[in-house]
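Residue numbers (the working numbering): 29 to 359. All C-beta atoms, glycine included, are put in the ideal place defined by N, C-alpha and C. Accompanying notes for the structure given below.
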Amino acid sequence: MKSVLIVGAGGFIGGFIARKALEAGFETTVGVRASTSRRYLSDPRLHFLEFDYDDPAQVARTLAEAPSGPWTYIIYNLGATKCANFPDFNRINFQYLRTFGTALKEVDRVPEKFLYVSSLSAIGPGDETGYEPISEQMTPRPNTRYGLSKVKAEQWLETLSGLPWIIFRPTGVYGPHEQDYLMMIKSIDRHFDFGVGMRKQLLTFIYVEDLVQAMFMALERAPIHRRYNISEPRSYTQKEFRRIVCRELGRSAVVPLRMPLWVVKPVCWVAQKVALFSGKASTLNLDKYNILRQRNWQCTTDAATRDFGFTAPTSLAEGIRRTVAAYRRRD
């Protein structure tokens with residue numbers, strides 16, 4: 029039986045990875061912290077490992093003593109997308125990966141393949157004049173602390189000899205249990221659609237189950253030491269997104285509100301200061317502002333199709349239908 033260790037399994041995406049691994053017949057181990065919610069990790073077939081990523085010796089000892097290891101594959105999904113303290117991006121997204129990867133080699137637990145989940149934000153702003161799609165070959169120019177921490181992690185993997193890595197750079201991931209896009213759906217459900225910036229913006233999406241499907245296809249088929257953009261192979265405007273959500277919600281009267289960037293930036297600045305004072309991460313901050321103002325999120329997806337046969341099967345319309353259905357069930 030093939031086996032997989034999912035690091036960072038407690039979040040939105042992690043629960044879907046664990047479920048898919050079990051469905052595919054993998055002996056499945058999930059790596060979590062002591063404080064991690066196990067809401068979506070309730071299947072009794074799962075094996076658990078608890079890591080303290082701030083303690084390199086504990087990470088190494090846990091890997092060495094794990095009764096379920098060594099594993100055929102490791103999916104490293106651990107990361108923070110928003111932090112009250114910006115230095116925490118570096119600590120969680122870069123230093124924790126370095127600790128984990130170093131420990132893998134020290135205790136001889138290197139898998140056949142190691143899939144690292146990065147982000148399209150690692151590239152930074154794309155072409156906002158001709159709207160050329162972002163490709164895997166573009167030189168990263170991240171303009172957020174989040175994106176910079178992801179690039180540092182990617183570059184560190186390159187320097188670690190003997191680790192058969194594959195890097196995924198997914199675009200915006202949505203689906204049941206995800207919170208940021210759910211906020212947008214709830215807003216439209218209340219008859220308001222908030223957009224940012226006056227120039228054309230092209231958005232890309234990947235439904236969570238499609239992303240997870242791509243992970244297992246890559247582990248089985250993709251060559252190592254490659255990077256892949258993971259997205260539905262088309263882009264959408266904010267207006268198209270709104271129309272799709274309205275149709276699924278049955279909302280005909282929705283007011284589109286476009287907020288200029290000069291209004292949004294001070295709001296994000298204030299929210300960031302409040303988060304720093306309270307110690308609770310905010311959805312709005314200056315990192316988020318830079319993401320919101322980016323006009324071109326189109327990206328090439330040909331490499332994933334060529335190397336391991338993946339083309340996202342779920343359109344935004346179908347993915348939103350499933351997401352809205354889950355939202356209604358929960359309410």
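In the DSSP assignment, Leu143 falls within the unbroken beta strand (DSSP E) covering 141–145.
For Val135 against Ala62, the beta-carbon gap comes to about 21 Å, at or over 8 Å, which does not count as contact. Assigned with DSSP and collapsed to three states, Met243 falls in helix.
Tyr124: member of the alpha helix (DSSP H) spanning 124–134, first to last residue. No Cβ-Cβ contact shorter than 8 Å links Asp238 with Thr333. Taken through DSSP and simplified to helix, strand or coil, Asp71 comes out as coil. DSSP places Arg270 inside the alpha helix (DSSP H), whose first and last residues are 266–277. Sixteen is the threshold: since fewer than 16 other Cβ atoms of the shown chains lie within 10 Å of the Cβ of Gln165, the residue is exposed.
For Leu191, there is no enclosing alpha helix (DSSP H), as DSSP gives it neither H nor E. Annotated three-state conformation of Gly42 is helix, per DSSP.
Between Asn318 and Asn121 the beta-carbon gap is near 16 Å, outside 8 Å, which marks them as no contact. Tyr174 is positioned such that its CB atom lies closer than 8 Å to that of Thr109.
Annotation: the segment 60–119 contains the following complete segments of the beta strand (DSSP E) (minimum length 3 residues), in chain order: 75–78, 101–104.
Excluding its 5 nearest sequence neighbours in each direction, Phe114 has C-beta neighbours in its own chain below 8 Å: Arg173, Asp315, listed in chain order. Here Ile41 has Asn105, Val145, Val201, Val236, Leu239, Val240 as same chain residues with Cβ atoms under 8 Å from its own Cβ, once five neighbours each way along the sequence are excluded. In the structure shown, the three-state DSSP call for Leu289 is helix. Unbroken alpha helix (DSSP H) runs of no fewer than 4 residues, entirely contained in the segment 181–222, are found at 208–217, following chain order. Within its own chain, the residues whose Cβ lies closer than 8 Å to the Cβ of Trp184, once the five positions on either side in sequence are excluded, are Phe122, Leu125, Arg126, Gly129, listed in chain order. A distance below 6 Å between beta-carbons, with the five flanking residues on each side excluded, links His205 to the following residues of its chain, in chain order: Phe40.
Checking the DSSP bridge columns, you'll see Ser31 partnered with Glu55. In terms of Cβ geometry, Asp221 and Val282 form a close pair [threshold 8 Å].
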